[in-house]
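K.L.:
Protein chains in written order, with this note's numbering: chain Y, 1 to 197; chain L, 1 to 194; chain E, 1 to 716; chain P, 1 to 288.
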């Protein structure tokens, strides 16, 4: 709708003529961010900003040498695109994926805080088990060997159907497939995920 | 000369708070400070409408008029910015603002207010563009990168428009024309004397 | 979804029933509001609650929870009475129609008003809107499915679209918005108790097919099971697995459940959560694999709990299927943080230690791409075979080349393909199927007839009439060799059919002939294997209308329903409403997701929506002596109770209580903050609504009935 | 015949659609301008409605008037005193004669605590008002902190002052006479003026400092804590600034009186003694 109209009309031409001060900014702003935000002309920057915009500082990017990784939001099933700007292995900011065909850069509050999924202080950082009512940090090796030993023991004593696996709708399709395959190789149909609820 | 404006299309705003979180996450704003927020009227009743509000970057900005230390200034493109180094946290701008835009994170001493924080239209502040100091004090400077503000760019339903006044008006006018609705954009009369 | 979110831009009207897209799927509103504005499409929202979506609607229909089927059958009846049905579509592509009409005729607008509480005139008005603004896009979510008659309700929705002739059309279709980001992918992979990947079921043929894909002996897999019979028996479901632990209901399994692995699954979305908690504490081994400690870690207080920190999905890669059936590639953004490990690594370690890694990973070397290839190889039923990892990645890289209206790439490396290759994508050159059952395009270009799945002819028990199940003559996709209905393809490679031919010759052969591998049949209104062959209304187990129970009773009890005895008739008690007079329904809020382990650990989202509450109408609240913002107890007939803040709002009517189900961290009013690993408790905690959600499960799928329970309310 | 059916159908449906469209007028109301405009109106009320009342007043006062008033106070008041000093000159009393013990140690301490904190309040207050003169930043910002501390200290000492002097500060009828002749400061003659232990000017200053101080403290608390509706804050700021201007002016009077107008008057607050000669003229009704 509006997007097509804007592109087909001659606004772009008039726009370029309006942006006069900083050709660099003008060129970049030519990339329309979205129908709604097609509005920005790259800002005629004067006052305090003009001097700086023309200075070498402005020639630097906000995050030099960063790369953009495309991913998909992990919240609902709309599947909004995420442009993650990564600098030295750190996700520095979430960029607007304005050319994603479904979301067109839009996010709800959950999607807009995607970085927090990685950076939240509440993330677990080490395997844990409860010992005498208290949580205790353990190594991966210890955790996996104890879990597998107990699973094997239960399997031998009670049979494979004594295990129930609650899989996930939040993992990748490949991982979901492995979860179902795991149940098959384990020898039970006691496997399910959130689609049931 | 461009003139930057915000416009929230209340027929589209669904109160998802995407703009609010986009702003917070993008600029690393402390919890409790709201550069932008969504207001809903008639909640739960027919006629429920939501609107996203931040600093409107007024033409004749009252905050600039009342600031005792001249910490607030307006660029030629209409963006109203604050110099946090100059600001003394007196809070007058908050009292002058019709939109409740100025925010005050608590400062170090006696819980007195720190420097005022508000929507920068993603244009950073008076510090050197892209410098660490600008990033920590004001967040990203997307305008210098030639990008639109985060809130509008990430708006779920493209309800929030930001950018050059003429084009914002064009987009909105076209929408309203399609809907066969009136052309009154909320907040413009107060903020831009229109 | 039969169509895509973008395709909803072409709808001429919308009906949302049991969906709150504005909160649960906010970005979809971009396309919905576009259609509202540009097509002047009316939006009808049917919900017990005036949701944020209803705020954008042109017509809000307040319905009594659990009576959706009656309303829809009433609409169908009204449409037929007025002759608004799509006669051409029905006569050529629909089966069992007269039988359905017979049932629908009982649902007159007045009867619908009696059952649902929707004024008869509004029923007529909605029917008229739908009839005069075609195509209609119909959307439902959990509000339509989480009932004891959920499968009937959803079938009624489909039948409505068939009657209106809106199937297989741009702007029409049944568009079910899926909940989680990859619930479509995980369902396609059948992380389910009753299916093998690709909805193959649990028959011997299905097992043999997958054993071929896995490149292992059928006997090997069979040997892994206790007995061969357990291979074909549906397992416990997520909705009721805990009954297998507690042993309070009769279970049909040789052993109780002793161990539980909960892998990326927030526990507090289970109804009757207090019983789930009891089961947690009875387990011998409980393994929680999640980036955040879920509420399960806090409610389970025994020593047999292990918390394994897996990375978030941004720290690993793989494909993800959106609600529009688009498959997108989630690239790894950063390495797993701290001591986290990604899911694949944990699985590899676990399988290795359990000693079947060689068989399990036989053809999987490169993770996850080789897994995708294995999926491509085996999942033929739903056409998951064309979406190779290379193609998915190519689409991701070129997502800007896809047209927003049609989702078809214009030029560029993906020219002509549909974004994400929505399944079925029959071959590695097929563009994907953007709209299911669309016979206006050839199959090779993304067209599709209805699937021939249930034989060639059936005689209905209801009427004794026999009817052919294939599409009428002349109804087919352009370029089809057979001009009319045809059966599914088999024996192209002898001994196999299109679903089991791993060489995929059958599929290619069908496509070369311009035909769909699964045949060209009619959509059926009568399902002869279900207890209700045509959808009918049945009162919820815990009905607020005891006077209707006699006329619309629920089902007989079902003894072995996913291995556990499930009460229906014996649970339906007309007197219950006397003690528990209010309807309890639950739903989402935009700030949180699922059980909320992720979003309640996010400081900004926690700040936005920091408290658990229950919505209550001011009239009811004042009658009960409550004050806005005060704490109140909500109790369920099963003895679950929650202490929550009363939020006075007219979103709900004066007989209904609404609670968001994202909260956790307190149980029956007592904080469990101390039970979380120190420093890892969520920022915000509150009582879980699901402690209060009632008993009740769908007769077919065993989905829990969380939307139509009863409760009582008192001051805390 | 067939040729007729199709156009016939189209015509029929078009007419039906038209009829239906009309009957659906009500249905499509949310597209019409009505609700939008009404919503704008309501939202306007929500934001700018209360702003019209005190917000606008505050903005117009704060943007120019207050700083101008303060500028006037700090320039004109000292100028008047300079004029007074030149034209009329200070009062000089002999400090040789009998000394009367006038202020005890406690009173003197309290006075100085109050005095210094008040002086700081004035200085930092002015620093905030004229913050732009120093370019904002650290100096006025620390001024705010000092203002806050001083306010607490002054509030405490004001309570004590109230306890010590309140009785002596009650207005009496002859205070009116004192006011009429402005304490005799406008003449060079040394004539006894109608005043007891404290003259009417001192009483005014006292009550302004304590009661006005209390008002300043309350409004100041609102400004510091930011608790309260925007309108409360705006009103607080207006009162704080207006009252502040008066207090600064009177503070200057006090300073001038003690330092310049009456030569050596400050000694009584240091040593506690006042010369009897001075008392006879300025506080004749004070019973020794």
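Here a beta-carbon is modelled for each residue, glycine too, at the ideal position from N, C-alpha and C. A quick note: this is a predicted structure, and the numbers were derived from the prediction, not measured.
Taking 7 angstroms as the cut-off, decide whether the C-beta atoms of residue 128 of chain Y and residue 137 of chain Y are in contact.
P.N.:
Counting from one through the first chain, the residue named residue 128 of chain Y turns up at place 128. Counting from one through the first chain, the residue named residue 137 of chain Y turns up at place 137. Against a cut-off of 7 angstroms, the Cβ pair of residue 137 of chain Y and residue 128 of chain Y comes out as a contact.
K.L.:
List the residues of chain E whose Cβ lies closer than 7 angstroms to the Cβ of residue 69 of chain Y, in chain order.
P.N.:
Looking up residue 69 of chain Y in the first chain gives position 69. Under the 7 angstroms cutoff, chain E gives 331, 333.
K.L.:
Could you tell me which chain L residues have their CB closer than 7 angstroms to the CB of residue 113 of chain Y, listed as they occur along the chain?
P.N.:
Reading the first chain from its first residue, position 113 is the one you call residue 113 of chain Y. Simply 21, 25.
K.L.:
Contact between the segment 697-715 of chain E and the segment 633-645 of chain E: three or more CB pairs below 8 angstroms?
P.N.:
Because the criterion of three Cβ pairs below 8 angstroms is met, the segment 697-715 of chain E and the segment 633-645 of chain E touch.
K.L.:
Let me confirm a value: residue 85 of chain E is counted as buried when at least 16 other C-beta atoms fall within 10 Å, else exposed. Which label applies?
P.N.:
Here the question's residue 85 of chain E lines up with position 85 in the third chain. Result: buried.
K.L.:
If we define contact as Cβ-Cβ less than 7 angstroms, is residue 76 of chain Y a contact residue for chain L?
P.N.:
Here residue 76 of chain Y refers to the residue found at position 76 when the first chain is read from its first residue. Chain L, which has no Cβ nearer than 7 angstroms to the Cβ of residue 76 of chain Y, makes this no.
K.L.:
So residue 421 of chain E and residue 387 of chain E are supposed to be a Cβ contact under 8 angstroms. How far apart are they, rounded?
P.N.:
Against the third chain, residue 421 of chain E aligns to sequence position 421. Against the third chain, residue 387 of chain E aligns to sequence position 387. Residue 421 of chain E to residue 387 of chain E, Cβ: 5 angstroms. Contact.
K.L.:
Taking 8 angstroms as the limit between beta carbons, can you name the residues of its chain near residue 108 of chain P, skipping five residues before and five after?
P.N.:
As a position in the fourth chain, residue 108 of chain P is number 108, starting the count at 1. Within the same chain, residue 108 of chain P has close Cβ partners 269, 270, 272.
K.L.:
Count the other C-beta atoms from every protein chain shown that fall within 10 angstroms of the C-beta of residue 136 of chain L, then say buried if there are 16 or more, exposed otherwise.
P.N.:
To locate residue 136 of chain L, count along the second chain from 1; it is residue 136. Per the 10 Å Cβ criterion, exposed.
K.L.:
Taking 7 angstroms as the CB-CB cut-off, is residue 41 of chain Y touching chain E?
P.N.:
For the purposes of this step, residue 41 of chain Y is identified with residue 41 of the first chain, where counting begins at 1. For residue 41 of chain Y, the pLDDT reaches just 26, beneath the cut-off of 50, and the residue's location in the model is therefore unreliable, although a value from the coordinates is still provided. For residue 41 of chain Y, the answer is no, since every Cβ of chain E falls outside 7 angstroms of its Cβ.
K.L.:
In this structure, how does DSSP classify residue 58 of chain E when only helix, strand and coil are distinguished?
P.N.:
As a first step, residue 58 of chain E must be located in the third chain, where it is residue number 58. If DSSP states are grouped into helix, strand and coil, residue 58 of chain E belongs with coil.
K.L.:
Less than 7 angstroms separating the beta-carbons of residue 293 of chain E and residue 312 of chain E?
P.N.:
Against the third chain, residue 293 of chain E aligns to sequence position 293. Against the third chain, residue 312 of chain E aligns to sequence position 312. No, these two residues do not count as a Cβ contact at 7 angstroms.
K.L.:
Would you say the segment 157-167 of chain E touches the segment 113-127 of chain E, given that touching needs at least three Cβ pairs under 8 angstroms?
P.N.:
Taking 8 angstroms as the limit for Cβ pairs, the verdict is that the segment 113-127 of chain E does not touch the segment 157-167 of chain E.
K.L.:
How about residue 70 of chain L: is its C-beta nearer than 7 angstroms to some C-beta of chain P?
P.N.:
By 1-based counting over the second chain, the position of residue 70 of chain L is 70. Yes, residue 70 of chain L counts as interfacial toward chain P.
K.L.:
Compute the Euclidean distance between the alpha carbons of residue 78 of chain L and residue 120 of chain L, then round it to the nearest angstrom.
P.N.:
Position 78 of the second chain, counted from the start, is the residue given in the question as residue 78 of chain L. Position 120 of the second chain, counted from the start, is the residue given in the question as residue 120 of chain L. Between residue 78 of chain L and residue 120 of chain L, the C-alpha separation is close to 11 angstroms.
K.L.:
Chain Y partners of residue 177 of chain E, CB-CB under 9 angstroms?
P.N.:
Within the third chain, residue 177 of chain E is the residue found at index 177, counting from 1. Per Cβ cutoff of 9 angstroms: 76, 77, 78.
K.L.:
Check the Cβ of residue 98 of chain Y against every Cβ in chain L and list those closer than 8 angstroms, keeping chain order.
P.N.:
For the purposes of this step, residue 98 of chain Y is identified with residue 98 of the first chain, where counting begins at 1. Residues of chain L passing the Cβ test: 153.
K.L.:
For residue 212 of chain Y, collect the residues of the same chain with a Cβ closer than 7 angstroms to its Cβ; drop the 5 residues on either side in sequence, then sort them by chain order.
P.N.:
Since the first residue of chain Y shown is 1 and the last is 197, residue 212 of chain Y is not available in this structure.
K.L.:
Ordered along the chain, which non-local residues of its own chain (more than five positions away) have a Cβ less than 7 angstroms from that of residue 175 of chain L?
P.N.:
Here the question's residue 175 of chain L lines up with position 175 in the second chain. The residues are 9.
K.L.:
Using the Cβ count rule (16 or more neighbours within 10 Å means buried), how would you classify residue 287 of chain E?
P.N.:
Looking up residue 287 of chain E in the third chain gives position 287. When all chains shown are included, residue 287 of chain E counts as buried.
K.L.:
If we define contact as Cβ-Cβ less than 7 angstroms, is residue 73 of chain Y a contact residue for chain L?
P.N.:
Along the first chain, read from residue 1 onward, the residue named residue 73 of chain Y stands at position 73. Not closer than 7 angstroms to any Cβ of chain L, the Cβ of residue 73 of chain Y fails to qualify, so no.
K.L.:
Looking at C-alpha atoms only, which residue of L:98, L:95, L:117, L:92 is the closest neighbour of residue 104 of chain L?
P.N.:
One-based indexing of the second chain puts residue 104 of chain L at position 104. Nearest option by C-alpha distance: L:117.
K.L.:
Determine the extent of the alpha helix (DSSP H) in which residue 106 of chain P is found, giving its start and end residues.
P.N.:
To locate residue 106 of chain P, count along the fourth chain from 1; it is residue 106. From DSSP, the alpha helix (DSSP H) with residue 106 of chain P extends over 105-129.
K.L.:
According to DSSP, what are the bridge partners of residue 256 of chain P?
P.N.:
Numbered from 1 along the fourth chain, position 256 holds the residue referred to as residue 256 of chain P. None; residue 256 of chain P has no bridge partner.
K.L.:
Could you check where the beta strand (DSSP E) with residue 36 of chain L kicks off and where it finishes?
P.N.:
Sequence index remark: in the second chain, residue 36 of chain L carries index 36 (1-based). Note, residue 36 of chain L: beta strand (DSSP E), 36-41.
K.L.:
Below 8 angstroms on C-beta distance, what does residue 190 of chain E contact in chain Y?
P.N.:
Counting from one through the third chain, the residue named residue 190 of chain E turns up at place 190. Chain Y residues near residue 190 of chain E: 180.
K.L.:
Along chain Y, in chain order, which residues have C-beta atoms closer than 8 angstroms to that of residue 591 of chain E?
P.N.:
As a position in the third chain, residue 591 of chain E is number 591, starting the count at 1. Neighbours of residue 591 of chain E on chain Y, chain order: 109, 110.
K.L.:
Using a cut-off of 8 angstroms between C-beta atoms, extract the partners of residue 259 of chain E located in chain Y.
P.N.:
Position 259 of the third chain, counted from the first residue, corresponds to residue 259 of chain E. Under the 8 angstroms cutoff, chain Y gives 150, 151, 154, 162, 163, 164.
K.L.:
Do residue 238 of chain E and residue 99 of chain Y have their C-beta atoms closer together than 7 angstroms?
P.N.:
For the purposes of this step, residue 238 of chain E is taken as the residue at position 238 of the third chain. For the purposes of this step, residue 99 of chain Y is taken as the residue at position 99 of the first chain. Their beta carbons are not under 7 angstroms apart, which means residue 238 of chain E does not touch residue 99 of chain Y by this criterion.
K.L.:
Counting only beta-carbon separations shorter than 7 angstroms, does residue 99 of chain L have a partner in chain P?
P.N.:
Looking up residue 99 of chain L in the second chain gives position 99. Answer yes: the Cβ-Cβ gap between residue 99 of chain L and chain P drops below 7 angstroms somewhere.
K.L.:
Would residue 636 of chain E count as contacting chain Y if we go by Cβ distances under 7 angstroms?
P.N.:
The residue labelled residue 636 of chain E in the question sits at position 636 within the third chain. Taking Cβ atoms only, chain Y never reaches closer than 7 angstroms to residue 636 of chain E, which makes this a no.
K.L.:
So residue 58 of chain P and residue 234 of chain P are in contact, right, with Cβ under 8 angstroms, and what is the actual spacing, rounded?
P.N.:
Along the fourth chain, one-based indexing puts residue 58 of chain P at 58. Along the fourth chain, one-based indexing puts residue 234 of chain P at 234. 4 angstroms between Cβ atoms; contact.
K.L.:
Strictly under 7 angstroms for the Cβ-Cβ distance: is residue 182 of chain L near chain Y by that measure?
P.N.:
The residue given as residue 182 of chain L occupies position 182 in the second chain. The predicted model places residue 182 of chain L with a pLDDT of 35, which falls under 50 and marks its position as unreliable; any figure quoted below should be read in that light. Answer no: the Cβ-Cβ gap between residue 182 of chain L and chain Y never drops below 7 angstroms.
K.L.:
If residue 332 of chain E sits next to residue 359 of chain E, beta carbons under 8 angstroms apart, how far is it from one beta carbon to the other, in whole angstroms?
P.N.:
Position 332 of the third chain, counted from the start, is the residue given in the question as residue 332 of chain E. Position 359 of the third chain, counted from the start, is the residue given in the question as residue 359 of chain E. About 27 angstroms; that fails the 8 angstroms criterion.
K.L.:
Find out if the Cβ-Cβ distance for the pair residue 556 of chain E, residue 548 of chain E is shorter than 7 angstroms.
P.N.:
Here residue 556 of chain E is taken as the residue at index 556 of the third chain, counted from 1. Here residue 548 of chain E is taken as the residue at index 548 of the third chain, counted from 1. Contact flag unset, no.
K.L.:
Using the Cα positions of residue 365 of chain E and residue 113 of chain Y, report the straight-line distance between them to the nearest angstrom.
P.N.:
Counting from one through the third chain, the residue named residue 365 of chain E turns up at place 365. Counting from one through the first chain, the residue named residue 113 of chain Y turns up at place 113. Straight-line Cα distance between these residues: approximately 34 angstroms.
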